[in-house]
Amino acid sequence: MTTITSRSNVDFFAAWKHSLSADFQHDGVPAKSDPWLMQASKIAMSDNALVLALNDDNALLAAAVGHDIHVYDIATAQLLHTLPGDAGEKIASLEFQPGGRKIAAGSSQKSGKMTYMCRVWDLDAPVASDRLDDAVKAAAIAASSTLSQYWPLSDLEAADLQTKFAEIAVGSLRNGRVFLGALPGHGSRAFSHDGRSLLYVSDHTHVVVLGVATLRERFRLSGHTNGIMWAETSPDDKVVATTSWDKTTRIWSMESGELIHVLEGATMQSWAGAFSPDGALIASGSGDKIIRIWRVDTGELVHTLSGFTRWIRSLAFSPDGGHLAAGAGGGTLRVFDVASGACEQSWQVDLQDDRSAATFIEISGVRYTARGDLFFRSTEGRVFGYRTSDNLKWESGKVLLYGRFVTSKDGSLLITPLQDHSVCIWKID
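Counting from -14, one number per residue, gives the positions in the sequence shown under my numbering.
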(Lines of atoms letter the chains of each structure in order from A and count residues from 1; the text may use other names and numbers.)
(Lines give C-alpha, C1' and ligand atoms only; values in the text may rest on other atoms or scores of the structure.)
Protein backbone atom coordinates (compact mmCIF):
# COMPACT_ATOMS: atom_id res chain seq x y z
CA MET A 1 0.00 0.00 0.00
CA THR A 2 1.29 3.46 -0.90
CA THR A 3 1.77 5.80 2.07
CA ILE A 4 1.41 9.54 1.56
CA THR A 5 4.09 11.42 3.49
CA SER A 6 4.88 15.11 3.84
CA ARG A 7 6.45 15.23 0.38
CA SER A 8 5.20 17.85 -2.06
CA ASN A 9 2.57 16.91 -4.63
CA VAL A 10 5.23 17.03 -7.35
CA ASP A 11 7.51 14.61 -5.48
CA PHE A 12 4.64 12.30 -4.56
CA PHE A 13 3.23 12.00 -8.07
CA ALA A 14 6.69 11.63 -9.59
CA ALA A 15 7.06 8.43 -7.56
CA TRP A 16 3.45 7.21 -7.60
CA LYS A 17 1.97 5.24 -10.49
CA HIS A 18 -1.45 3.64 -10.48
CA SER A 19 -2.48 0.31 -11.96
CA LEU A 20 -5.85 -0.55 -13.52
CA SER A 21 -8.68 -2.80 -12.44
CA ALA A 22 -10.46 -2.38 -15.81
CA ASP A 23 -8.97 -1.55 -19.20
CA PHE A 24 -10.07 -1.10 -22.81
CA GLN A 25 -11.31 -4.10 -24.77
CA HIS A 26 -13.40 -4.98 -27.81
CA ASP A 27 -15.76 -7.97 -27.76
CA GLY A 28 -13.81 -9.36 -24.81
CA VAL A 29 -10.41 -8.99 -26.49
CA PRO A 30 -8.06 -6.78 -24.42
CA ALA A 31 -6.71 -3.72 -26.20
CA LYS A 32 -3.17 -4.06 -27.47
CA SER A 33 -0.41 -1.57 -26.66
CA ASP A 34 1.03 -0.25 -29.88
CA PRO A 35 3.20 2.77 -30.79
CA TRP A 36 0.59 4.52 -32.94
CA LEU A 37 1.92 7.83 -31.64
CA MET A 38 5.51 8.77 -32.42
CA GLN A 39 7.48 11.63 -30.89
CA ALA A 40 8.09 14.08 -33.72
CA SER A 41 9.88 16.94 -31.96
CA LYS A 42 10.27 18.98 -28.78
CA ILE A 43 10.18 22.72 -28.17
CA ALA A 44 12.36 24.03 -25.33
CA MET A 45 10.93 26.84 -23.21
CA SER A 46 12.17 29.13 -20.46
CA ASP A 47 9.90 27.51 -17.86
CA ASN A 48 7.22 24.85 -17.56
CA ALA A 49 4.20 25.38 -19.81
CA LEU A 50 1.07 24.71 -17.77
CA VAL A 51 -1.49 25.54 -20.47
CA LEU A 52 -1.29 25.00 -24.24
CA ALA A 53 -3.34 25.93 -27.31
CA LEU A 54 -2.96 25.01 -30.97
CA ASN A 55 -4.38 26.95 -33.90
CA ASP A 56 -6.53 25.38 -36.61
CA ASP A 57 -3.81 24.73 -39.21
CA ASN A 58 -1.24 23.34 -36.73
CA ALA A 59 1.13 26.22 -37.46
CA LEU A 60 1.11 28.02 -34.11
CA LEU A 61 1.41 26.82 -30.53
CA ALA A 62 0.57 29.11 -27.62
CA ALA A 63 2.00 28.23 -24.21
CA ALA A 64 1.44 29.83 -20.81
CA VAL A 65 4.95 30.30 -19.41
CA GLY A 66 4.90 32.05 -16.07
CA HIS A 67 2.51 34.99 -16.37
CA ASP A 68 3.23 35.47 -20.09
CA ILE A 69 2.04 33.70 -23.22
CA HIS A 70 4.64 32.53 -25.74
CA VAL A 71 3.57 31.84 -29.32
CA TYR A 72 5.78 29.47 -31.33
CA ASP A 73 6.06 28.41 -34.94
CA ILE A 74 5.64 24.64 -34.62
CA ALA A 75 7.64 23.78 -37.74
CA THR A 76 10.74 25.73 -36.69
CA ALA A 77 10.24 25.95 -32.89
CA GLN A 78 10.86 29.71 -33.25
CA LEU A 79 9.36 32.04 -30.65
CA LEU A 80 7.23 34.50 -32.63
CA HIS A 81 5.39 36.51 -29.97
CA THR A 82 5.53 37.13 -26.25
CA LEU A 83 2.20 38.35 -24.91
CA PRO A 84 2.80 39.88 -21.47
CA GLY A 85 0.66 39.35 -18.42
CA ASP A 86 1.03 40.91 -14.99
CA ALA A 87 3.32 39.71 -12.21
CA GLY A 88 1.47 37.19 -10.07
CA GLU A 89 -1.04 36.39 -12.79
CA LYS A 90 -1.87 32.68 -13.19
CA ILE A 91 -3.08 31.63 -16.63
CA ALA A 92 -5.71 28.89 -16.51
CA SER A 93 -6.87 28.61 -20.12
CA LEU A 94 -5.83 29.53 -23.67
CA GLU A 95 -7.70 29.38 -26.94
CA PHE A 96 -7.09 30.45 -30.54
CA GLN A 97 -9.92 32.05 -32.49
CA PRO A 98 -11.18 29.52 -35.09
CA GLY A 99 -10.00 30.64 -38.52
CA GLY A 100 -8.54 33.83 -37.06
CA ARG A 101 -5.53 35.36 -35.37
CA LYS A 102 -6.87 36.30 -31.98
CA ILE A 103 -5.99 34.52 -28.74
CA ALA A 104 -8.13 34.49 -25.60
CA ALA A 105 -6.65 33.72 -22.19
CA GLY A 106 -8.35 33.22 -18.85
CA SER A 107 -6.33 34.03 -15.74
CA SER A 108 -6.53 34.92 -12.08
CA GLN A 109 -4.60 37.17 -9.76
CA LYS A 110 -4.78 37.39 -5.98
CA SER A 111 -4.29 40.77 -4.39
CA GLY A 112 -6.38 40.69 -1.25
CA LYS A 113 -9.18 38.93 -3.10
CA MET A 114 -9.10 36.73 -6.19
CA THR A 115 -9.65 38.59 -9.47
CA TYR A 116 -10.48 36.72 -12.68
CA MET A 117 -9.58 38.17 -16.06
CA CYS A 118 -10.07 37.41 -19.72
CA ARG A 119 -7.48 38.87 -22.10
CA VAL A 120 -7.81 39.00 -25.87
CA TRP A 121 -4.84 39.61 -28.18
CA ASP A 122 -4.74 40.13 -31.94
CA LEU A 123 -1.54 38.66 -33.40
CA ASP A 124 -1.97 40.75 -36.55
CA ALA A 125 -2.15 44.06 -34.71
CA PRO A 126 1.31 44.77 -33.29
CA VAL A 127 1.75 48.09 -31.54
CA ALA A 128 3.40 50.58 -33.89
CA SER A 129 5.89 52.92 -32.25
CA ASP A 130 4.29 56.02 -33.76
CA ARG A 131 0.92 54.95 -32.34
CA LEU A 132 2.51 54.48 -28.94
CA ASP A 133 4.26 57.87 -29.11
CA ASP A 134 1.04 59.62 -30.05
CA ALA A 135 -0.82 57.94 -27.19
CA VAL A 136 1.86 58.91 -24.68
CA LYS A 137 2.00 62.53 -25.82
CA ALA A 138 -1.76 62.95 -25.86
CA ALA A 139 -2.16 61.45 -22.39
CA ALA A 140 0.69 63.47 -20.89
CA ILE A 141 -0.46 66.76 -22.40
CA ALA A 142 -4.02 66.24 -21.22
CA ALA A 143 -2.92 65.31 -17.71
CA SER A 144 -0.40 68.14 -17.49
CA SER A 145 -2.99 70.66 -18.61
CA THR A 146 -5.50 69.47 -16.02
CA LEU A 147 -3.03 69.23 -13.14
CA SER A 148 -1.43 72.62 -13.88
CA GLN A 149 -4.73 74.25 -12.98
CA TYR A 150 -4.11 73.14 -9.39
CA TRP A 151 -0.34 72.61 -9.11
CA PRO A 152 2.30 74.35 -11.24
CA LEU A 153 4.46 71.77 -13.05
CA SER A 154 8.10 72.34 -13.88
CA ASP A 155 9.63 70.99 -17.08
CA LEU A 156 11.20 68.19 -15.03
CA GLU A 157 7.88 67.28 -13.43
CA ALA A 158 6.12 67.31 -16.79
CA ALA A 159 8.80 65.00 -18.23
CA ASP A 160 8.41 62.64 -15.28
CA LEU A 161 4.66 62.67 -15.78
CA GLN A 162 5.14 61.74 -19.42
CA THR A 163 7.29 58.77 -18.39
CA LYS A 164 4.61 57.53 -16.00
CA PHE A 165 1.97 57.82 -18.68
CA ALA A 166 4.22 55.95 -21.08
CA GLU A 167 4.03 52.96 -18.74
CA ILE A 168 0.23 53.18 -18.70
CA ALA A 169 0.05 53.50 -22.48
CA VAL A 170 2.33 50.52 -23.01
CA GLY A 171 0.15 48.40 -20.75
CA SER A 172 -3.00 49.52 -22.51
CA LEU A 173 -1.74 48.88 -26.01
CA ARG A 174 0.40 45.79 -25.56
CA ASN A 175 -1.27 43.69 -22.89
CA GLY A 176 -4.39 42.88 -24.87
CA ARG A 177 -7.95 43.86 -24.12
CA VAL A 178 -8.84 42.89 -20.58
CA PHE A 179 -12.30 41.95 -19.31
CA LEU A 180 -13.15 41.17 -15.71
CA GLY A 181 -14.41 37.61 -15.71
CA ALA A 182 -13.28 34.06 -16.38
CA LEU A 183 -13.22 31.92 -19.48
CA PRO A 184 -15.59 28.99 -18.86
CA GLY A 185 -13.89 25.77 -17.77
CA HIS A 186 -14.21 21.97 -17.75
CA GLY A 187 -13.59 21.52 -21.46
CA SER A 188 -15.53 24.60 -22.56
CA ARG A 189 -14.96 26.16 -25.94
CA ALA A 190 -14.92 29.94 -25.34
CA PHE A 191 -15.00 31.00 -29.00
CA SER A 192 -18.01 30.21 -31.13
CA HIS A 193 -17.32 27.73 -33.93
CA ASP A 194 -17.39 30.49 -36.56
CA GLY A 195 -14.96 32.59 -34.51
CA ARG A 196 -17.28 35.59 -34.40
CA SER A 197 -18.23 35.47 -30.71
CA LEU A 198 -16.44 34.88 -27.41
CA LEU A 199 -17.98 33.74 -24.13
CA TYR A 200 -16.75 34.60 -20.66
CA VAL A 201 -18.27 34.29 -17.19
CA SER A 202 -18.92 37.52 -15.29
CA ASP A 203 -19.67 37.67 -11.55
CA HIS A 204 -19.82 33.85 -11.50
CA THR A 205 -23.48 33.66 -12.59
CA HIS A 206 -23.63 35.49 -15.94
CA VAL A 207 -22.19 34.66 -19.35
CA VAL A 208 -21.15 37.64 -21.46
CA VAL A 209 -21.24 37.17 -25.24
CA LEU A 210 -18.70 39.42 -26.98
CA GLY A 211 -18.54 40.22 -30.66
CA VAL A 212 -14.95 39.33 -31.57
CA ALA A 213 -14.59 41.94 -34.32
CA THR A 214 -15.40 44.83 -31.98
CA LEU A 215 -14.78 43.19 -28.59
CA ARG A 216 -18.03 44.76 -27.46
CA GLU A 217 -20.72 43.03 -25.46
CA ARG A 218 -23.59 41.72 -27.58
CA PHE A 219 -25.66 40.54 -24.63
CA ARG A 220 -25.34 38.58 -21.42
CA LEU A 221 -27.04 35.40 -20.26
CA SER A 222 -28.55 35.91 -16.81
CA GLY A 223 -30.61 33.54 -14.71
CA HIS A 224 -28.27 31.08 -13.01
CA THR A 225 -28.25 31.41 -9.23
CA ASN A 226 -24.84 29.85 -8.56
CA GLY A 227 -21.47 29.60 -10.27
CA ILE A 228 -21.37 28.72 -13.98
CA MET A 229 -18.89 25.91 -14.65
CA TRP A 230 -19.17 25.29 -18.40
CA ALA A 231 -20.46 27.28 -21.38
CA GLU A 232 -20.28 26.64 -25.11
CA THR A 233 -22.09 27.35 -28.37
CA SER A 234 -23.70 24.53 -30.34
CA PRO A 235 -21.84 23.27 -33.44
CA ASP A 236 -24.05 25.45 -35.65
CA ASP A 237 -23.71 28.43 -33.25
CA LYS A 238 -27.48 28.81 -32.95
CA VAL A 239 -27.70 28.25 -29.19
CA VAL A 240 -25.50 28.43 -26.09
CA ALA A 241 -25.58 25.86 -23.29
CA THR A 242 -24.43 26.50 -19.72
CA THR A 243 -24.04 24.32 -16.62
CA SER A 244 -24.04 25.63 -13.07
CA TRP A 245 -23.71 24.78 -9.43
CA ASP A 246 -27.40 25.68 -9.17
CA LYS A 247 -27.96 22.09 -10.47
CA THR A 248 -29.34 23.21 -13.85
CA THR A 249 -28.24 23.11 -17.46
CA ARG A 250 -29.66 25.93 -19.57
CA ILE A 251 -30.12 26.51 -23.29
CA TRP A 252 -30.10 30.07 -24.66
CA SER A 253 -30.61 31.68 -28.06
CA MET A 254 -27.32 32.77 -29.61
CA GLU A 255 -29.16 35.40 -31.63
CA SER A 256 -30.93 37.21 -28.81
CA GLY A 257 -29.69 35.74 -25.52
CA GLU A 258 -33.23 34.60 -24.70
CA LEU A 259 -33.55 31.61 -22.35
CA ILE A 260 -35.02 28.61 -24.20
CA HIS A 261 -34.85 25.69 -21.73
CA VAL A 262 -34.00 25.07 -18.08
CA LEU A 263 -32.94 21.41 -17.87
CA GLU A 264 -33.38 20.07 -14.36
CA GLY A 265 -33.01 16.78 -12.52
CA ALA A 266 -29.51 16.95 -11.07
CA THR A 267 -29.46 16.77 -7.28
CA MET A 268 -25.96 18.22 -6.91
CA GLN A 269 -23.82 20.76 -8.78
CA SER A 270 -23.72 20.51 -12.56
CA TRP A 271 -20.16 20.57 -13.90
CA ALA A 272 -19.17 19.60 -17.44
CA GLY A 273 -21.27 19.71 -20.59
CA ALA A 274 -20.98 18.61 -24.21
CA PHE A 275 -22.96 19.01 -27.43
CA SER A 276 -23.33 16.13 -29.85
CA PRO A 277 -21.66 16.90 -33.22
CA ASP A 278 -25.02 17.52 -34.91
CA GLY A 279 -26.14 19.80 -32.08
CA ALA A 280 -29.24 17.71 -31.39
CA LEU A 281 -28.21 16.54 -27.90
CA ILE A 282 -26.68 18.14 -24.83
CA ALA A 283 -25.01 16.08 -22.09
CA SER A 284 -24.28 17.29 -18.56
CA GLY A 285 -22.23 15.68 -15.78
CA SER A 286 -23.08 16.27 -12.14
CA GLY A 287 -21.80 15.82 -8.62
CA ASP A 288 -24.62 13.30 -8.11
CA LYS A 289 -22.57 10.82 -10.23
CA ILE A 290 -25.08 10.88 -13.10
CA ILE A 291 -24.82 12.03 -16.72
CA ARG A 292 -28.03 13.35 -18.24
CA ILE A 293 -28.63 13.69 -21.98
CA TRP A 294 -31.41 15.93 -23.29
CA ARG A 295 -32.74 16.89 -26.70
CA VAL A 296 -31.74 20.48 -27.42
CA ASP A 297 -34.88 21.39 -29.36
CA THR A 298 -37.50 20.10 -26.91
CA GLY A 299 -35.62 19.77 -23.61
CA GLU A 300 -36.72 16.12 -23.39
CA LEU A 301 -34.57 13.89 -21.16
CA VAL A 302 -33.20 11.04 -23.30
CA HIS A 303 -30.82 9.14 -20.97
CA THR A 304 -29.50 9.06 -17.42
CA LEU A 305 -26.10 7.32 -17.41
CA SER A 306 -24.54 5.95 -14.23
CA GLY A 307 -21.63 3.80 -13.04
CA PHE A 308 -19.54 6.49 -11.36
CA THR A 309 -18.45 6.89 -7.74
CA ARG A 310 -17.68 10.62 -7.79
CA TRP A 311 -18.43 13.79 -9.72
CA ILE A 312 -18.26 13.85 -13.54
CA ARG A 313 -16.30 16.85 -14.82
CA SER A 314 -15.15 15.90 -18.33
CA LEU A 315 -17.35 14.87 -21.29
CA ALA A 316 -16.86 14.38 -25.03
CA PHE A 317 -18.94 13.00 -27.89
CA SER A 318 -17.23 10.98 -30.62
CA PRO A 319 -17.09 12.74 -34.02
CA ASP A 320 -19.85 10.53 -35.44
CA GLY A 321 -22.04 11.23 -32.40
CA GLY A 322 -22.37 7.53 -31.63
CA HIS A 323 -20.49 7.51 -28.32
CA LEU A 324 -20.10 9.67 -25.24
CA ALA A 325 -16.92 9.43 -23.12
CA ALA A 326 -16.92 10.66 -19.53
CA GLY A 327 -14.10 11.20 -17.04
CA ALA A 328 -14.81 11.33 -13.32
CA GLY A 329 -13.32 11.43 -9.87
CA GLY A 330 -12.27 8.10 -8.42
CA GLY A 331 -10.23 7.31 -11.54
CA THR A 332 -13.16 6.29 -13.74
CA LEU A 333 -13.60 6.67 -17.49
CA ARG A 334 -16.67 5.21 -19.20
CA VAL A 335 -17.76 5.21 -22.84
CA PHE A 336 -21.47 4.93 -23.61
CA ASP A 337 -23.42 4.07 -26.74
CA VAL A 338 -25.56 7.16 -27.27
CA ALA A 339 -28.46 5.38 -28.98
CA SER A 340 -28.99 2.76 -26.27
CA GLY A 341 -27.31 4.32 -23.24
CA ALA A 342 -25.31 1.12 -22.69
CA CYS A 343 -21.77 1.32 -21.32
CA GLU A 344 -19.34 -0.12 -23.89
CA GLN A 345 -16.00 0.68 -22.24
CA SER A 346 -15.01 0.92 -18.59
CA TRP A 347 -11.49 2.07 -17.68
CA GLN A 348 -10.80 2.14 -13.96
CA VAL A 349 -7.85 2.96 -11.71
CA ASP A 350 -7.29 0.12 -9.23
CA LEU A 351 -8.08 1.50 -5.78
CA GLN A 352 -7.82 -1.75 -3.82
CA ASP A 353 -4.19 -1.28 -2.85
CA ASP A 354 -4.51 2.43 -2.14
CA ARG A 355 -8.00 3.49 -1.18
CA SER A 356 -6.79 7.00 -0.35
CA ALA A 357 -6.26 7.52 -4.08
CA ALA A 358 -10.03 7.72 -4.54
CA THR A 359 -9.95 11.13 -2.88
CA PHE A 360 -7.57 12.72 -5.39
CA ILE A 361 -7.40 10.67 -8.59
CA GLU A 362 -9.53 12.07 -11.42
CA ILE A 363 -9.83 11.59 -15.16
CA SER A 364 -9.84 14.91 -17.02
CA GLY A 365 -9.25 16.42 -20.45
CA VAL A 366 -11.44 13.81 -22.16
CA ARG A 367 -11.58 14.42 -25.91
CA TYR A 368 -12.01 12.72 -29.24
CA THR A 369 -10.00 13.74 -32.27
CA ALA A 370 -11.55 14.25 -35.70
CA ARG A 371 -10.28 10.74 -36.54
CA GLY A 372 -12.16 9.20 -33.61
CA ASP A 373 -9.17 8.58 -31.32
CA LEU A 374 -9.92 9.06 -27.61
CA PHE A 375 -7.47 10.80 -25.25
CA PHE A 376 -7.62 11.72 -21.57
CA ARG A 377 -5.41 12.47 -18.59
CA SER A 378 -5.02 11.00 -15.12
CA THR A 379 -4.19 13.12 -12.07
CA GLU A 380 -0.88 11.30 -11.58
CA GLY A 381 0.47 12.78 -14.79
CA ARG A 382 0.03 10.35 -17.68
CA VAL A 383 -1.95 10.87 -20.89
CA PHE A 384 -3.81 7.83 -22.24
CA GLY A 385 -5.21 7.09 -25.68
CA TYR A 386 -7.52 4.51 -27.26
CA ARG A 387 -8.22 3.80 -30.93
CA THR A 388 -11.57 2.04 -31.16
CA SER A 389 -11.23 0.98 -34.79
CA ASP A 390 -8.09 -1.10 -34.12
CA ASN A 391 -8.55 -1.81 -30.39
CA LEU A 392 -5.21 -0.15 -29.68
CA LYS A 393 -4.21 1.68 -26.51
CA TRP A 394 -1.36 4.08 -25.72
CA GLU A 395 0.05 5.94 -22.76
CA SER A 396 2.66 8.63 -22.36
CA GLY A 397 5.32 8.76 -19.74
CA LYS A 398 4.81 11.21 -16.89
CA VAL A 399 4.04 14.70 -18.16
CA LEU A 400 3.92 17.97 -16.25
CA LEU A 401 1.85 17.38 -13.11
CA TYR A 402 -0.48 20.36 -13.49
CA GLY A 403 -0.10 20.74 -17.25
CA ARG A 404 -2.72 20.08 -19.91
CA PHE A 405 -2.32 18.38 -23.26
CA VAL A 406 -3.87 19.48 -26.56
CA THR A 407 -4.78 17.71 -29.80
CA SER A 408 -4.91 19.24 -33.26
CA LYS A 409 -8.19 19.96 -35.02
CA ASP A 410 -7.41 17.41 -37.75
CA GLY A 411 -6.40 14.74 -35.23
CA SER A 412 -2.83 14.41 -36.48
CA LEU A 413 -0.97 15.83 -33.45
CA LEU A 414 -0.91 15.47 -29.67
CA ILE A 415 1.14 17.95 -27.63
CA THR A 416 2.08 17.35 -24.00
CA PRO A 417 3.97 19.57 -21.51
CA LEU A 418 7.02 17.99 -19.88
CA GLN A 419 8.81 18.56 -16.57
CA ASP A 420 12.04 19.68 -18.26
CA HIS A 421 10.69 23.07 -19.46
CA SER A 422 9.67 21.72 -22.86
CA VAL A 423 6.68 20.41 -24.76
CA CYS A 424 6.60 17.19 -26.75
CA ILE A 425 4.89 17.02 -30.14
CA TRP A 426 3.54 13.57 -30.96
CA LYS A 427 2.51 12.57 -34.46
CA ILE A 428 -0.62 10.39 -34.47
CA ASP A 429 -0.26 7.64 -37.06
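A virtual CB, placed ideally from N, CA and C, is assigned to each residue, including glycine.
Within the same chain, show all residues whose beta-carbon is closer than 6 Å to that of Arg235, passing over the 5 residues directly before and after it, in chain order.
Mapped onto the sequence shown, residue 235 falls at position 250. Excluding sequence neighbours, Arg235 sits near Thr227 and Val247.
Which same chain residues, not among the five before or five after Gly51, have their C-beta less than 7 Å away from its C-beta?
On the sequence shown, position 66 is the one that residue 51 refers to. Around Gly51: Asp32.
Taking the beta strand (DSSP E) that Ala301 falls in, what are its first and last residues?
For the purposes of this step, residue 301 is taken as the residue at position 316 of the sequence shown. Looking at the DSSP string, the run of the beta strand (DSSP E) that includes Ala301 is Ile297 to Phe302.
Rounding to the nearest angstrom, what Cα-Cα distance links Leu266 and Thr289 in this structure?
As a first step, residue 266 is located in the sequence shown; it is residue number 281 there, counting from the start. As a first step, residue 289 is located in the sequence shown; it is residue number 304 there, counting from the start. As the crow flies, the alpha-carbon of Leu266 is around 13 Å from that of Thr289.
What is the C-beta distance between Ser381 and Thr401, in whole angstroms, given that I count them as a contact (C-beta under 8 Å)?
Residue numbering aside, residue 381 sits at position 396 when the sequence shown is read from its first letter. Residue numbering aside, residue 401 sits at position 416 when the sequence shown is read from its first letter. That belief holds up - the Cβ atoms of Ser381 and Thr401 are roughly 6 Å apart, short of 8 Å.
Could you check how far apart the C-beta atoms of Leu309 and Ala257 are, in whole angstroms? I think they sit under 8 Å.
Here residue 309 refers to the residue found at position 324 when the sequence shown is read from its first residue. Here residue 257 refers to the residue found at position 272 when the sequence shown is read from its first residue. With a Cβ gap of about 11 Å, Leu309 and Ala257 do not count as contacting.
Put Ser31 into one of helix, strand or coil per three-state DSSP.
Here residue 31 refers to the residue found at position 46 of the sequence shown. Residue state, collapsed to three classes: coil.
Over what stretch of residues does the beta strand (DSSP E) that includes Gly196 continue unbroken?
Here the question's residue 196 lines up with position 211 in the sequence shown. First-last of the beta strand (DSSP E) with Gly196: His191 to Gly196.
For Pro15, which residues in the same chain have their Cβ closer than 7 Å to its Cβ, ignoring the five residues on either side in sequence?
Position 30 of the sequence shown, counted from the start, is the residue given in the question as residue 15. Taken in chain order, the residues that qualify are Asp8.
Could you check what DSSP says for Ser341 in three-state terms: helix, strand or coil?
Counted from its first residue, the sequence shown places residue 341 at position 356. Note: Ser341 maps to helix in three-state DSSP.
Closer than 8 Å is the cut-off here; do at least three beta carbon pairs connect the region 206 to 225 with the region 177 to 184?
With the cut-off at 8 Å, the region 206 to 225 and the region 177 to 184 touch.
Taking Val408 as part of the beta strand (DSSP E), name the residues at either end of that continuous run.
What you label residue 408 is simply residue 423 of the sequence shown in a count that begins at 1. Per DSSP, Val408 belongs to the beta strand (DSSP E) from Ser407 to Ile413.
Which of the three DSSP states, helix, strand or coil, is assigned to Ser26?
Translated into the one-based positions of the sequence shown, residue 26 becomes position 41. It is a strand residue.
Rounded to whole angstroms, how far is the Cβ of Arg340 from the Cβ of Gln330, which I believe are closer than 8 Å?
If you number the sequence shown from 1, residue 340 lands on position 355. If you number the sequence shown from 1, residue 330 lands on position 345. With 8 Å as the limit, Arg340 and Gln330 do not qualify as a contact, their Cβ atoms being about 24 Å apart.
If we ignore side chains and look at the alpha-carbon of each, how far apart do Asp19 and Glu347 end up?
On the sequence shown, position 34 is the one that residue 19 refers to. On the sequence shown, position 362 is the one that residue 347 refers to. Computed Cα separation, rounded: 25 Å.
Which of helix, strand or coil does DSSP assign to Asp395?
Counting from 1 along the sequence shown, the entry for residue 395 is found at position 410. Reduced to three states, the DSSP call for Asp395 is coil.
For Ala72, which residues in the same chain have their Cβ closer than 8 Å to its Cβ, ignoring the five residues on either side in sequence?
Within the sequence shown, the letter at position 87 stands for residue 72. Same-chain partners within the cutoff: His52.
Starting from Met102 and walking both ways along the beta strand (DSSP E), at which residues does that stretch end?
Within the sequence shown, the letter at position 117 stands for residue 102. Unbroken beta strand (DSSP E) run through Met102: Lys98 to Asp107.
Return the chain-ordered list of same chain residues with a C-beta closer than 7 Å to the C-beta of Asp273, the five sequence neighbours on each side being excluded.
As a position in the sequence shown, residue 273 is number 288, starting the count at 1. Closer than 7 Å at the Cβ level, and outside the excluded window around Asp273, lie Ala251, Thr252 and Met253.
The beta strand (DSSP E) with Ser173 in it runs from where to where?
By 1-based counting over the sequence shown, the position of residue 173 is 188. Taken as a continuous stretch (DSSP letters only), Ser173 belongs to no beta strand (DSSP E), as it is neither H nor E.
DSSP on Asp435, reduced to helix/strand/coil?
Not covered by the structure: residue 435. The range shown for the chain is -14 to 414.
Which of the three DSSP states, helix, strand or coil, is assigned to Lys75?
The sequence position of residue 75 within the sequence shown is 90, counting from 1. Strand at Lys75.
Is Val225 helix, strand or coil when you go by DSSP?
On the sequence shown, position 240 is the one that residue 225 refers to. Secondary structure of Val225 (DSSP, three-state): strand.
Are there 16 or more other CB atoms within 10 angstroms of the CB of Ser4, so buried, or fewer, so exposed?
For the purposes of this step, residue 4 is taken as residue 19 along the sequence shown, with counting starting at 1. So Ser4 ends up on the exposed side.
Measure the C-alpha to C-alpha separation of Ser157 and Lys98 and round it to an integer number of angstroms.
Position 172 of the sequence shown, counted from the start, is the residue given in the question as residue 157. Position 113 of the sequence shown, counted from the start, is the residue given in the question as residue 98. At Ser157 the pLDDT is 48, less than 50, meaning the model places this residue with poor confidence and gives no usable figure here.
What are the boundary residues of the beta strand (DSSP E) that includes Gln63?
Mapped onto the sequence shown, residue 63 falls at position 78. Gln63 to Leu68 is the extent of the beta strand (DSSP E) around Gln63.
Rounded to whole angstroms, what is the Cα-Cα separation between Gly70 and Arg205?
Locating residue 70 in the sequence shown gives position 85, where the first residue counts as 1. Locating residue 205 in the sequence shown gives position 220, where the first residue counts as 1. For Gly70 and Arg205, the distance between alpha carbons rounds to 26 Å.
In the DSSP assignment, find the unbroken beta strand (DSSP E) run with Met214 in it and report its ends.
In the sequence shown, the residue the question calls residue 214 occupies position 229. Note, Met214: beta strand (DSSP E), Ile213 to Thr218.
Just how far apart, CA to CA, sit Lys378 and Gly370?
Residue mapping note: residue 378 aligns to position 393 of the sequence shown, counting from 1. Residue mapping note: residue 370 aligns to position 385 of the sequence shown, counting from 1. Cα to Cα, the separation comes out at about 6 Å.
Could you pull the DSSP bridge partners for Val163 from this structure?
As a working mapping, residue 163 is identified with position 178 in the sequence shown. Arg104, per the DSSP bridge assignment.
Could you check what DSSP says for Phe369 in three-state terms: helix, strand or coil?
Along the sequence shown, one-based indexing puts residue 369 at 384. Strand.
In whole angstroms, what is the alpha-carbon distance linking Ser349 and Gly312?
Taking the first residue of the sequence shown as position 1, residue 349 is located at position 364. Taking the first residue of the sequence shown as position 1, residue 312 is located at position 327. Cα-Cα distance, rounded: 6 Å.
State whether the region 159 to 176 contacts the region 212 to 219, with contact taken as three or more CB pairs (one from each stretch) at a distance under 8 Å.
yes
Suppose you measure from the CA of Ser255 to the CA of Asp263; what does that come to, to the nearest Å?
Within the sequence shown, numbered from 1, the residue matching residue 255 stands at position 270. Within the sequence shown, numbered from 1, the residue matching residue 263 stands at position 278. Cα to Cα, Ser255 sits roughly 23 Å from Asp263.
Our contact map puts Val56 next to Ala47 with C-beta atoms below 8 Å; I'd like the distance itself, whole angstroms only.
Translated into the one-based positions of the sequence shown, residue 56 becomes position 71. Translated into the one-based positions of the sequence shown, residue 47 becomes position 62. Contact check for Val56 and Ala47: beta-carbon distance about 5 Å, within the 8 Å limit, so the pair qualifies.
Residues in its own chain within less than 7 Å of Lys2 by CB, not counting five upstream and five downstream?
For the purposes of this step, residue 2 is taken as the residue at position 17 of the sequence shown. Closer than 7 Å at Cβ, skipping near neighbours: Glu365.
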